[in-house]
Amino acid sequence: MKYNFDEQIDRSNTNAVKYDFRDKVFGTKEVLPMWVADMDFKTPDVIVQAVQERAKHEIYGYTGRTDSFAQSVTSWVKQRHGWSIDSNWISFSPGVVPALAMAVLAFTQPGDKIIAQTPVYFPFFNTIADNGRQLVINPLRIVNERYEMDWDDLEKKIDSRTSMLFLCSPHNPTGRVWSKEELQRLGEICVKNDILIVADEIHSDLILKPNKHTPIASISEEIAQQTITTIAPSKTFNIAGLASSVLIIPNKKLQTKYENMLNNLHLGMGNLFGIIALEAAYSHGAAWLDQMLDYLTENVDYVANYLEEHLPMVKLIKPEGTYLLWLDFRELKLSNEELRKLMIEKGKLGFNDGIIFGKGGKGFQRMNVACPKSTVIEGMQRLHKALGDM
Ligand SMILES: Cc1ncc(COP(=O)(O)O)c(C=O)c1O
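When we follow the working numbering, the leftmost residue of the sequence shown carries the number 1, and every step to the right adds one.
What follows is the structure in structure tokens.
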């Protein structure tokens with residue numbers, strides 16, 4: 001079956017955060033919404049049908065996760081990433097961010113240091129600081145227009161209070177798909193220093209060719225024993241509203257501790273439609289995903305070519321994964337406020353401000369291109385208008 005990603009779907013008045021909350025975030029409903037990380041594509045038919053079929057039953061009571069739920073996860077991870085996991089390693093969370101917060105509570109003590117590599121998905125900061133832990137920033141470095149980890153800085157910042165590292169892999173917002181060598185080096189540093197790795201791999205299915213995602217826990221037994229991996233079908237298949245994700249925890253002791261936290265917080269039940277959707281996605285979603293990734297690649301190429309040809313003062317950090325483009329406006333030498341105003345007021349563009357992603361985000365904007373090509377074209381035209389006389 002050939003899917004149509006060109007279709008424009010009206011999402012207004014569905015309580016979609018991306019559309020119906022624009023006035024709260026941007027102060028106007030006029031901006032073209034290319035911000036929050038969900039897609040403007042229809043959820044794959046295989047998921048829609050599974051949810052609709054279940055909805056017909058008309059009783060939506062407490063619902064458990066069966067063996068086939070875990071089976072769908074193990075076979076997906078094997079097929080897409082070549083990682084053989086045991087179904088007993090799988091735990092549940094309503095979302096990846098709640099899983100990060102639960103990991104902080106379960107495995108660290110108040111005052112402990114947790115490392116995050118900025119610029120990075122900003123809820124990382126809250127799950128650390130709001131729970132009374134110290135956020136330690138290990139900023140990424142730009143080398144030849146590509147982000148890299150700063151090993152010297154990382155090793156310097158580790159001390160006896162450092163107990164956890166949040167890895168974003170692939171990385172949002174820089175679009176880096178970390179290589180096996182980088183992940184191995186990071187894993188070995190964490191093993192050596194007894195630092196628990198919490199690997200947020202929510203974007204791991206969104207890989208642009210020819211890049212390849214390596215689950216950090218698949219690299220060695222030692223690293224696996226010290227890693228908690230979170231994945232979800234939410235970004236991959238556009239079902240974030242169904243709030244269902246999973247953790248892969250090969251270390252039994254760690255898994256028991258995590259499960260205790262989940263149960264203490266009474267968050268383990270999950271959502272009936274989320275359970276159905278996750279299983280359908282991982283069992284039958286591959287063909288849709290492959291086509292979507294090809295479409296996404298065209299959108300990325302369009303932006304890259306457009307900027308090069310018409311707006312060379314804006315540099316695109318070439319993405320290796322995710323559908324989130326990291327645009328470098330530093331050449332314009334604008335303050336955060338000036339750049340934000342330029343995008344919203346002159347461009348009528350709803351991007352994410354780079355600065356919200358922490359140190360290293362100043363002068364950048366994040367643009368979501370998981371949308372029909374016509375929206376991407378409109379976005380580039382608006383950007384051109386905003387920057388035309390600069
Ligand atoms: C790196 C990363 N982690 C987690 C999330 C959100 O996860 P959830 O909605 O499952 O809490 C996002 C959403 O953009 C993300 O980019």
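Positions of the beta carbon are idealized from the N, C-alpha and C atoms, including for glycine.
Range covered by the beta strand (DSSP E) that runs through residue i
i, result
"residue 146", "146 to 148"
"residue 275", "Note, residue 275: premise wrong, no beta strand (DSSP E); alpha helix (DSSP H) at 272 to 284."
"residue 189", "Here residue 189 belongs to no beta strand (DSSP E); instead the alpha helix (DSSP H) covers 180 to 192."
Counterpart residues of residue i in DSSP-defined beta bridges
i, result
"residue 245", "93"
"residue 116", "137, 166"
"residue 352", "366"
"residue 199", "167, 229"
"residue 326", "317, 366"
"residue 401", "Because residue 401 is not part of the residues shown, which for the chain are 1 to 390, the question remains open."
"residue 207", "321"
"residue 142", "147"
Cβ-Cβ separation, residue j to residue i (assumed contact under 8 Å), whole Å
i, j, result
"residue 347", "residue 355", "Not confirmed; about 17 Å, so no contact."
"residue 370", "residue 296", "6 Å"
"residue 368", "residue 35", "6 Å"
"residue 139", "residue 359", "5 Å"
"residue 184", "residue 158", "About 17 Å separates the two Cβ atoms, so there is no contact after all."
"residue 191", "residue 134", "That belief does not hold up - the Cβ atoms of residue 191 and residue 134 are roughly 22 Å apart, past 8 Å."
"residue 154", "residue 189", "7 Å"
"residue 366", "residue 325", "7 Å"
N- and C-terminal bounds of the alpha helix (DSSP H) containing residue i
i, result
"residue 39", "Premise fails: residue 39 is in no alpha helix (DSSP H) and is neither H nor E."
"residue 223", "221 to 224"
"residue 151", "151 to 157"
"residue 88", "Per DSSP, residue 88 belongs to no alpha helix (DSSP H) and is neither H nor E."
"residue 177", "Segment: none, residue 177 is in no alpha helix (DSSP H) and carries neither H nor E."
"residue 259", "252 to 264"
"residue 26", "22 to 26"
"residue 269", "Here residue 269 belongs to no alpha helix (DSSP H), and DSSP marks it neither H nor E."
"residue 383", "373 to 387"
"residue 81", "67 to 81"
Burial state of residue i, where buried means 16 or more other Cβ atoms lie within 10 Å
i, result
"residue 60", "exposed"
"residue 49", "exposed"
"residue 252", "exposed"
"residue 335", "exposed"
"residue 406", "Limits of the chain in this structure are 1 at one end and 390 at the other, which puts residue 406 out of reach."
"residue 313", "exposed"
"residue 435", "Because the chain is modelled from 1 through 390, residue 435 falls outside the range shown and cannot be assessed."
**Message:** With a threshold of 8 Å, are at least 3 pairs of Cβ atoms found where one atom belongs to the stretch 275 to 289 and the other to the stretch 226 to 237?
**Reply:** By the C-beta criterion, the stretch 275 to 289 is judged to be in contact with the stretch 226 to 237, since at least 3 inter-stretch pairs fall below 8 Å.
**Request:** Decide yes or no for the touch test of the stretch 201 to 213 against the stretch 166 to 180: beta carbon pairs closer than 8 Å, at least 3 of them.
**Result:** Inter-segment contact for the stretch 201 to 213 and the stretch 166 to 180 is present: three or more beta-carbon pairs are separated by less than 8 Å.
**Message:** Across the stretch 72 to 83 and the stretch 91 to 108, are there enough close Cβ pairs to call them in contact, namely three or more that are closer than 8 Å?
**Reply:** Here the stretch 72 to 83 does not lie against the stretch 91 to 108, with fewer than 3 beta-carbon pairs under 8 Å apart.
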